[in-house]
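A.B. asks:
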Amino acid sequence: MNTRKGKIAILLSGRGSNFEAIYKNSIRKDSLFEIAVVVSDKSKAKGLKTAGDLGIPTHFIRPRDFSSKDEYEKNLIELFETFKIDLICLAGFMRIISPTLIKKFPGRIINIHPSLLPLFPGLHAQKQALEAGAEISGCTVHFVDEGVDSGPVIMQASVGIEKDDSEESLSTRILIEEHRIYSEVIKLFFLNKLKIDGRTVKILT
Ligand code: GRF
0 MNTRKGKIAI LLSGRGSNFE AIYKNSIRKD SLFEIAVVVS DKSKAKGLKT
50 AGDLGIPTHF IRPRDFSSKD EYEKNLIELF ETFKIDLICL AGFMRIISPT
100 LIKKFPGRII NIHPSLLPLF PGLHAQKQAL EAGAEISGCT VHFVDEGVDS
150 GPVIMQASVG IEKDDSEESL STRILIEEHR IYSEVIKLFF LNKLKIDGRT
200 VKILT
């Protein structure tokens, strides 16, 4: 029987609460995946420290140590190949991924974003939703393409906006849903149930 677990690389730049939620699911006995490495572009990212404390291999790769974005991503690719990574999960990674990396891992890079895409892409999505007077927002897990938060949507969860919501209170409620759906998508990925069909993703039953 093949008991190999799917191997994930997490890329993060900050707090790492999505990483922690994924980690908690990964250590369940019946988990289909494990976190093989956590990579950050910020040496002081809290998520990087948490991962280290948990005994997960961590790598701080400083973009400015490379002559170009291409060289930076080639370095990432080498690392992912060394760890035999099946799926790359962006979890608050504040850099745009270029075709160099995307072409090497087609359909194998996913991201989480705190809005119902295609609404409110980019930075401060929760603030954008409040400023637009939206009554509903939420979060989206999507495949990564060359744009900003523009790849095929895999799963979304909605969160109602209350009249007295602040950016912080809304972010907190959205985050609860982020933590839930990110691991759900990863599980579906390793069950081979995600099929990209042009701009859409089918979840096989
Ligand atoms: C999350 O809101 C995620 O949707 C966005 O960046 C934030 C990262 O939070 N891409 P954390 O570092 O996972 O706590």
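Numbered per numbering that gives the first Met the number 0, the sequence shown spans residues 0 to 204. Every residue gets a Cβ at the ideal spot worked out from N, C-alpha and C, and that includes glycine. All of these numbers come straight from a predicted model, not from anything done at the bench.
(1) What residue does the alpha helix (DSSP H) around ALA128 start on, and which one ends it?
(2) The ligand GRF and ASN17: does any heavy atom of the ligand fall closer than 7 Å to the residue's C-beta?
(3) Is the Cβ-Cβ distance between GLU77 and SER97 less than 8 Å?
(4) Is the separation between the beta-carbon of ILE111 and that of PHE142 shorter than 8 Å?
(5) Whole angstroms are fine: how far does the CA of SER67 sit from the CA of ILE173?
(6) Figure out for me which residue from LEU193, ASN191, THR2, PRO62 has the closest Cα to the Cα of SER42.
(7) Whether or not the region 0 to 9 and the region 159 to 166 are in contact is what I'm after, with contact meaning three or more pairs of Cβ atoms, one per stretch, closer than 8 Å; do they touch?
(8) Do GLY106 and ILE21 count as a contact pair if the criterion is CB distance below 8 Å?
(9) Tell me which residues share the same chain as THR57 and place their Cβ nearer than 8 Å to its Cβ, disregarding the 5 neighbours each side in the sequence.
(10) Return the Cβ separation of VAL140 and ILE95 in integer angstroms, given the expectation that the two are a contact with Cβ distance under 8 Å.
(11) Quick one: residues in its chain with C-beta nearer than 6 Å to the C-beta of LEU89, no 5 flanking neighbours on either side, listed in chain order?
(12) Within 10 angstroms of the Cβ of ILE202, are there 16 or more other Cβ atoms? Answer buried if so, exposed if not.
(13) With DSSP collapsed to three states, give me the class of LEU115.
(14) Can you tell which of ILE7, ASN191, GLU177 has the C-alpha that lies nearest to the C-alpha of ASP85?
(15) Can you tell me the Cα-Cα spacing of PRO117 and CYS138, whole angstroms?
(16) With a threshold of 7 Å, establish whether the CB of ILE60 neighbours any heavy atom of the ligand GRF.
(17) Quick one: what's got a C-beta closer than 7 Å to ASN17's C-beta in the same chain, skipping five residues either side?
C.D. replies: Reading off the structure:
(1) As a first step, residue 128 must be located in the sequence shown, where it is residue number 129. Run containing ALA128: 124 to 130, per the alpha helix (DSSP H) assignment.
(2) Within the sequence shown, numbered from 1, the residue matching residue 17 stands at position 18. The beta carbon of ASN17 sits closer than 7 Å to at least one heavy atom of the ligand GRF.
(3) Counted from its first residue, the sequence shown places residue 77 at position 78. Counted from its first residue, the sequence shown places residue 97 at position 98. For GLU77 and SER97, no; Cβs fall outside 8 Å.
(4) On the sequence shown, residue 111 is found 112 positions in, with the first residue counted as 1. On the sequence shown, residue 142 is found 143 positions in, with the first residue counted as 1. Between ILE111 and PHE142, the CB-CB gap reaches or exceeds 8 Å.
(5) Taking the first residue of the sequence shown as position 1, residue 173 is located at position 174. Taking the first residue of the sequence shown as position 1, residue 67 is located at position 68. Near 35 Å, if we compare the C-alpha coordinates of SER67 and ILE173.
(6) Counted from its first residue, the sequence shown places residue 42 at position 43. The shortest C-alpha separation from SER42 is found at PRO62.
(7) No contact exists between the region 159 to 166 and the region 0 to 9.
(8) One-based indexing of the sequence shown puts residue 21 at position 22. One-based indexing of the sequence shown puts residue 106 at position 107. For the pair ILE21 and GLY106, the CB atoms are not nearer than the 8 Å cut-off.
(9) Translated into positions along the sequence shown, residue 57 becomes position 58. Cβ neighbours of THR57 beyond the five flanking positions: VAL36, VAL37, VAL38, SER39, LEU47, ALA50, GLY51.
(10) Against the sequence shown, residue 140 aligns to sequence position 141. Against the sequence shown, residue 95 aligns to sequence position 96. Incorrect: roughly 18 Å between the Cβ atoms, too far for contact.
(11) As a position in the sequence shown, residue 89 is number 90, starting the count at 1. Only LEU10, ASN110 meet the Cβ criterion.
(12) Here residue 202 refers to the residue found at position 203 when the sequence shown is read from its first residue. Counting Cβ neighbours within 10 Å, ILE202 comes out exposed, since fewer than 16 surround it.
(13) Numbered from its first residue, the sequence shown carries residue 115 at position 116. Looking at LEU115 - three-state DSSP - the assignment turns out to be coil, as it is neither helix nor strand.
(14) In the sequence shown, residue 85 corresponds to position 86, counting from 1. Taking only the C-alpha atoms, the option nearest ASP85 is ILE7.
(15) As a working mapping, residue 117 is identified with position 118 in the sequence shown. As a working mapping, residue 138 is identified with position 139 in the sequence shown. Distance between the alpha carbons of PRO117 and CYS138 is about 11 Å.
(16) What you label residue 60 is simply residue 61 of the sequence shown in a count that begins at 1. It does not: the Cβ of ILE60 is nowhere closer than 7 Å to a heavy atom of the ligand GRF.
(17) As a first step, residue 17 must be located in the sequence shown, where it is residue number 18. Setting aside the 5 residues that flank it on each side, ASN17 is surrounded in the same chain by ALA90, GLY91, ILE111, GLU177, HIS178, TYR181, each with a C-beta closer than 7 Å to its C-beta; the list follows chain order.
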